[in-house]
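Visitor:
In my numbering, the protein residues as written are 77 to 211.
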């Protein structure tokens with residue numbers, strides 16, 4: 077086979093494999109919009125989780141004060157986590173998690189149980205956790 081044809085065929089096979097992998101992720105139960113618990117500023121956020129390059133990422137869609145009124149923050153639209161992989165059995169991990177209140181990155185772990193997602197992030201020996209609810 078000619079080297080150029082081999083490269084084209086390899087690229088086509090790789091592209092098809094990535095498309096299938098991303099398509100399979102699209103049906104994963106973690107995909108969707110989640111409501112966080114109140115943070116230290118008493119703000120609740122809505123987080124959108126999507127498939128990103130064969131793994132999962134989440135971004136901050138909106139934020140609300142304790143009365144339910146939508147508020148604007150500089151973090152809306154920013155990525156909250158990325159490169160999180162399914163580990164099977166409703167468990168997710170790896171990747172990185174950005175903690176806006178203290179501006180640090182942490183290693184996330186997540187466990188899905190029905191419409192609740194237990195989210196934990198650790199940086200060195202300090203960990204934080206929340207339970208998010210599906211919207």
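In this text, a Cβ means the ideal position worked out from N, Cα and C, and glycines have one as well.
(1) Quick one: complete beta strand (DSSP E) runs, 3+ long, within the stretch 121 to 185?
(2) Relative to the C-alpha of residue 189, which candidate in 181, 136, 207 has its C-alpha closest?
(3) Could you spell out where the beta strand (DSSP E) holding residue 211 opens and where it closes?
(4) Verify whether the separation of the beta carbon atoms of residue 121 and residue 143 is less than 8 angstroms.
(5) Considering just the uninterrupted stretch of the beta strand (DSSP E) at residue 193, what are its terminal residues?
(6) For residue 205, which three-state DSSP category applies?
(7) Within a Cβ cutoff of 8 angstroms, which residues of the same chain sit near residue 192, ignoring the five residues on either side of it in sequence?
(8) Which residues mark the beginning and the end of the beta strand (DSSP E) in which residue 108 is found?
(9) What's the gap between the Cα of residue 106 and the Cα of residue 134?
(10) To the nearest angstrom, how far is it from the Cα of residue 158 to the Cα of residue 170?
(11) Do you know whose CA, among 186, 150, 172, 164, lies nearest residue 119's CA?
(12) Would you call residue 184 buried or exposed, if buried means 16 or more other Cβ atoms sit within 10 Å of its Cβ?
Guide: According to the structure shown:
(1) Fully enclosed beta strand (DSSP E) runs of 3 or longer: 131 to 140, 155 to 164, 167 to 169, 172 to 175.
(2) By 1-based counting over the chain shown, the position of residue 189 is 113. Checked all of 181, 136, 207; the closest Cα to residue 189 is 207.
(3) One-based indexing of the chain shown puts residue 211 at position 135. Per DSSP, residue 211 belongs to no beta strand (DSSP E) and is neither H nor E.
(4) Within the chain shown, the letter at position 45 stands for residue 121. Within the chain shown, the letter at position 67 stands for residue 143. Residue 143 is positioned such that its CB atom lies no closer than 8 angstroms to that of residue 121.
(5) Along the chain shown, read from residue 1 onward, the residue named residue 193 stands at position 117. Its beta strand (DSSP E) spans residues 192 to 199.
(6) As a first step, residue 205 is located in the chain shown; it is residue number 129 there, counting from the start. Residue 205 falls in the strand class under three-state DSSP.
(7) Position 116 of the chain shown, counted from the start, is the residue given in the question as residue 192. These residues qualify, in order along the chain: 207, 208, 209, 210.
(8) By 1-based counting over the chain shown, the position of residue 108 is 32. Here the beta strand (DSSP E) through residue 108 covers 108 to 111.
(9) Along the chain shown, one-based indexing puts residue 106 at 30. Along the chain shown, one-based indexing puts residue 134 at 58. Annotation: residue 106 to residue 134 spans about 10 angstroms, alpha carbon to alpha carbon.
(10) Residue 158 sits at position 82 when you count from the first residue of the chain shown. Residue 170 sits at position 94 when you count from the first residue of the chain shown. If I take the Cα positions, the gap works out to 9 angstroms.
(11) Looking up residue 119 in the chain shown gives position 43. Out of 186, 150, 172, 164, 150 has the C-alpha closest to the C-alpha of residue 119.
(12) Looking up residue 184 in the chain shown gives position 108. It is buried - the Cβ of residue 184 has at least 16 other Cβ atoms within 10 Å.
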